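First the structure, in the form of structure tokens, and then the observations on it.
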Amino acid sequence: MLHLLLFITPTLLTCVVSGDSCGQQNVSGAKGGEIILRVPNVKIRKINWVLVQIGDLIVTTEPGGSIDDIDVMTQYRGRVSSDADGSLHIYKLSLQDRGSYKANIKRTSGDDKCVVFNLTVYEPLSPGDIRISPTITRNGSCSLELLCSVDKPDVLITWRKLHGGAINVTQGILYVPPSDVNFTYMCNARNPVSNVSKTVIPEEYCKTGKPPKEEITTEYAQVGGLQCQQENHYGLTQEQQQASTVYSEVQHAKKSTNSQKKPTKMEGTALETVYSYVSLPQESQQNGNGAPTARPRTQCNGTNAKSS
């Protein structure tokens, strides 16, 4: 009888099946980011990492060992390192890195195991990817249907009304009755590696038929080992900016002292989540007409972070 063993880490779940078949694990990474292919916590002598699509060896890792670039498959040179337990880090991910990676684990006991990691690489979303298309009905009043869309695969779209309240959404289309056109609505687009939002006040569509001037976009971006949030406010008065607050979710990478030297400064993969309350700055710049201009602000929690 086959026995299924589960090994759980803070960020990864690894399945190993006793017998001849390999365990399977699905993992996701962001284009330009990094991923760790975490092996089970067993006594390991060495691991041969194979690119399944072509059957070629990428590299061999050993617990506590390092990697010499000359021994690495050409397309991964300068982009891989070994963790203390022999797990494989891949840096500077590209869409071409998508595929299956097989870890042939040679155990000290002589009982070999294997795990196949199915890696999907996604492009991080940006606020500019969100398109909000209105359909306006005018019968003495204005009612709208707002379609929120993103022209990228594997994106989840959701709508919500700021400050609460019920909404009418069918297949991603938001119906706004005349009584609710002056409320603020947010379209959120999410994929496995990013989360962005755009807010609209439908009344502006009723007036001009064009996108509203008052628009806030929120972008979550990975900066080093931190997650940062940038808020862009367009066409808001100084009083509106003063009244705006943001709740941001920031993930910090926990340090690990037993990792080998890596191409980047970031060590470890375990994450902790911190919620921070941010009040937007009260000062504003004015243009030649005396109106406030857009002032993008970036909030990062942690040290050694910079905007990208």
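Under mature numbering (1 follows the signal peptide of the UniProt record, and there is no 0), read the sequence shown as residues -19 to -1, 1 to 289, first letter to last. Cβ atoms here follow ideal geometry from the backbone N, Cα and C, with glycine treated the same way. None of the values given here were measured: they were computed from a predicted structure.
When L143, K142, D110 are compared, the shortest CA-CA separation from N172 is found for D110. Remark: three or more beta-carbon pairs, one from each stretch, lie closer than 8 Å, so the segment 4 to 15 and the segment 85 to 105 are flagged as touching. Nearest to L137 by C-alpha distance, out of G146, S160, V174, is V174. Annotation: the segment 79 to 162 contains the following complete segments of the beta strand (DSSP E) (minimum length 3 residues), in chain order: 80 to 88, 94 to 103, 111 to 119, 123 to 131, 137 to 142, 149 to 151, 154 to 157. At the C-beta level, P183 and V162 come within 7 Å of one another. Shown here, T189 sits in a helix according to DSSP, grouped into three states.
Going by DSSP, I17 is part of the beta strand (DSSP E) stretching over 16 to 18. Assignment of T42 by DSSP, reduced to helix, strand and coil, places it in the strand class.
Taking the C-beta atoms as reference points, S63 is found nearer than 7 Å to I48.
The beta carbons of L127 and I148 sit about 10 Å from each other, so the pair does not count as a contact at 8 Å. Across the structure, G80 and D66 are spaced so that their CA atoms are roughly 23 Å apart.
If you check the CB distance, Y82 and F98 come in under 7 Å.
Inclusion of I25 and L32 in the CB contact set at 7 Å is not warranted, their separation being larger than that value.
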